[in-house]
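Asks: Sending over a structure as structure tokens; questions will come in a sec.
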Amino acid sequence: MRFFQKFIIGLLNLLAYVSDRAALIILFKLMRPGELGLSENEQEVVVQAKVIKLDFNGDTLTGYCWGDKGPVVMLIHGAHSRSSRFSQFVPPMLAQGYRVIAFDLPAHGDSSGKSADVIQAIAAVRVALMYVFQQDEIDTVITHSLGFGLMQAAAKELGGKKPFKRVIAISCPENFDEVLSSLKRRFALPNKLVSVFRQYLEFNLEASLKDVSLFSFMDNADCSILFIHDENDSVFPNTPLLSGKIQGISGASFISTQQLGHARILTDISVVEQCLSFMAKEQKRPNTTNAC
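In this text, residue positions in the sequence shown follow numbering that gives the first Met the number 0: the first is 0, and each later residue adds one.
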């Protein structure tokens, strides 16, 4: 970590003793990703999309829609990422008759914003989900990393509506407590600042961070779920205990990959094929046609 960033984090830790809110506001600004460039493949896929612009608290959420008919697949990326990181998924899914929709989180990709506030990211995912629900059902949601936790919290706020038929979670954390631990490591957050961050999240989520977990989602979700996790994931580690617990739950499947890590897993074509195979099981595909 750069010296200047370490210095700022230290000042924020002191500020947290005076004003929790002020410390968090500055921290969320500091956590914004830098310029997230696009690979050549990502550029080729993005230019083929219809671009969607949604108002979000004075900022703009930028979304992408590929295809104009077929069951809807929603892609949700994680922190320090963007929707184009799913570029390997789009062409094969279009070829299989799906319609694909994705949105960049606030202050990520082509969405505007000045803060990487997790709670605001949840609200943005909820706005994106409601936008799609106004037009059609969502057949499958595919998330990466923190995207699963954001989806889980956003879906909870949709009330009794059955959101999706199936969910694919790639490289996801076990719970929000693991998310906070990851952020603590990444930004070298001191204990006081971590405590303030935890209180903020638990207050807004109205739950302990450990309780906002993939297991609580499976307990309350009426859908099939596939988890894909790499053995070399250093952000959210894939442990034998985690995979064993998931495989023991009805309706849940677990696939472990090797040597792909946390981010490169999205570029592996075999992972895409495993997702399509899971989606094809008992799939009935109505020929719906809706504009994005």
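Glycine included, each C-beta is placed from N, C-alpha and C at the ideal position. A quick note: this is a predicted structure, and the numbers were derived from the prediction, not measured.
1. Pop quiz: N237 and L208 are said to be a contact at Cβ under 8 Å. What is the actual Cβ separation, rounded to whole angstroms?
2. Would a C-beta distance cut-off of 8 Å place A106 and F85 closer than the cut-off?
3. Smallest Cα separation from I25: which of L11, V124, S38, A154?
4. Return the chain-ordered list of same chain residues with a C-beta closer than 8 Å to the C-beta of L93, the five sequence neighbours on each side being excluded.
5. How would you write the range of the beta strand (DSSP E) that A101 sits in, first residue to last?
6. Candidates D116, F88, E39: which alpha carbon is nearest M30's?
7. Tell me whether the stretch 182-200 and the stretch 11-20 touch, counting them as touching only if at least three CB pairs, one residue from each stretch, are closer than 8 Å.
8. Of the choices Q87, V211, Q95, I254, whose alpha-carbon is the least far from that of F147?
9. Considering only residues of the same chain and omitting the five flanking positions on each side of Q246, which have a CB-CB separation below 7 Å?
10. For V44, which residues of its own chain have a beta-carbon under 6 Å away from its beta-carbon, when the five flanking residues on both sides are left out?
11. What residue from A206, F6, F196, G260 has the CA that sits closest to S18's CA?
12. Whole-angstrom Cβ separation of S82 and G112, contact assumed at under 8 Å?
13. Are the beta-carbon atoms belonging to L179 and L200 less than 8 Å from one another?
14. What are the complete beta strand (DSSP E) segments, minimum 3 residues, inside the stretch 118-147?
15. Going by the beta-carbon positions, is the gap between F277 and C222 smaller than 8 Å?
16. Below 8 Å on the Cβ atoms is my guess for I224 versus A251; work out the distance and round it to an integer in Å.
17. Give me the Cα-Cα distance between S233 and R185, rounded to the nearest whole angstrom.
18. Since M73 contacts I121 with CB under 8 Å, what's their CB separation in whole angstroms?
19. Which whole-angstrom value is the C-beta distance of L157 and L128, which I expect to be below 8 Å?
20. In this structure, does DSSP put I224 in helix, strand or coil?
21. Cα-Cα, which of V71, D58, K5 is closest to Q133?
22. Cα separation between S170 and Q273?
23. Is it the case that the Cβ atoms of T256 and I268 are separated by a distance below 8 Å?
24. To the nearest angstrom, how far is the alpha carbon of K155 from that of F202?
25. Please name the residue in G96, K68, A123 whose C-alpha comes closest to that of D58.
26. Please go through the stretch 195-248 and give each complete beta strand (DSSP E) segment of 3 or more residues, from N-terminal end onward.
27. Is it buried or exposed, E39, if we count other Cβ atoms within 10 angstroms and call 16 or more buried?
28. So S255 is in the beta strand (DSSP E); what residue range does that whole segment cover?
Replies: With the given structure in hand:
1. In the sequence shown, residue 237 corresponds to position 238, counting from 1. In the sequence shown, residue 208 corresponds to position 209, counting from 1. Contact flag wrong, Cβ pair sits at about 20 Å.
2. Against the sequence shown, residue 106 aligns to sequence position 107. Against the sequence shown, residue 85 aligns to sequence position 86. Their beta carbons are not under 8 Å apart, which means A106 does not touch F85 by this criterion.
3. The residue labelled residue 25 in the question sits at position 26 within the sequence shown. The residue with the shortest Cα to Cα distance from I25 is L11.
4. The count along the sequence shown starts at 1 and reaches residue 93 at position 94. Excluding positions up to five away in sequence, the list reads W65, G66, V99.
5. Here residue 101 is taken as the residue at index 102 of the sequence shown, counted from 1. Residues 98-102.
6. By one-based count along the sequence shown, residue 30 stands at place 31. If we check each option's Cα against that of M30, D116 comes out closest.
7. yes
8. The count along the sequence shown starts at 1 and reaches residue 147 at position 148. Measuring from the Cα of F147, the nearest candidate turns out to be V211.
9. Locating residue 246 in the sequence shown gives position 247, counting from the first residue. If we look at Q246 and ignore the five residues flanking it on each side, its Cβ neighbours are F253.
10. Mapped onto the sequence shown, residue 44 falls at position 45. Within the same chain, V44 has close Cβ partners S86, V89.
11. Taking the sequence shown and counting its residues from 1, one reaches residue 18 at position 19. That would be F196, whose Cα lies nearest to the Cα of S18.
12. One-based indexing of the sequence shown puts residue 82 at position 83. One-based indexing of the sequence shown puts residue 112 at position 113. Between G112 and S82 the Cβ distance is about 15 Å, and since that is not below 8 Å, they are no contact.
13. Reading the sequence shown from its first residue, position 180 is the one you call residue 179. Reading the sequence shown from its first residue, position 201 is the one you call residue 200. Result yes, Cβ atoms of L179 and L200 sit closer than 8 Å.
14. 137-143
15. By 1-based counting over the sequence shown, the position of residue 277 is 278. By 1-based counting over the sequence shown, the position of residue 222 is 223. No.
16. By 1-based counting over the sequence shown, the position of residue 224 is 225. By 1-based counting over the sequence shown, the position of residue 251 is 252. Yes, they are in contact, since the Cβ atoms of I224 and A251 sit about 5 Å apart, within 8 Å.
17. Numbered from its first residue, the sequence shown carries residue 233 at position 234. Numbered from its first residue, the sequence shown carries residue 185 at position 186. Cα to Cα, S233 sits roughly 11 Å from R185.
18. In the sequence shown, residue 73 corresponds to position 74, counting from 1. In the sequence shown, residue 121 corresponds to position 122, counting from 1. Contact doesn't hold; Cβ gap of about 15 Å is too wide.
19. The residue you call residue 157 lines up with position 158 of the sequence shown. The residue you call residue 128 lines up with position 129 of the sequence shown. Sure, about 7 Å apart at Cβ, within 8 Å.
20. Here residue 224 is taken as the residue at index 225 of the sequence shown, counted from 1. The answer is strand: DSSP assigns I224 an E or B state.
21. Within the sequence shown, residue 133 is the residue found at index 134, counting from 1. Here the closest residue by C-alpha is V71.
22. Translated into positions along the sequence shown, residue 170 becomes position 171. Translated into positions along the sequence shown, residue 273 becomes position 274. Rounded to whole angstroms, S170 and Q273 show a C-alpha spacing of 14 Å.
23. For the purposes of this step, residue 256 is identified with residue 257 of the sequence shown, where counting begins at 1. For the purposes of this step, residue 268 is identified with residue 269 of the sequence shown, where counting begins at 1. Going by beta carbons, T256 and I268 fall outside the 8 Å limit.
24. Taking the sequence shown and counting its residues from 1, one reaches residue 155 at position 156. Taking the sequence shown and counting its residues from 1, one reaches residue 202 at position 203. So the two alpha carbons sit approximately 15 Å from each other.
25. Against the sequence shown, residue 58 aligns to sequence position 59. Nearest of G96, K68, A123 to D58, Cα basis: A123.
26. 223-229
27. As a first step, residue 39 must be located in the sequence shown, where it is residue number 40. So E39 ends up on the exposed side.
28. Working through the sequence shown from its first residue, we reach residue 255 at position 256. Its beta strand (DSSP E) spans residues 251-256.
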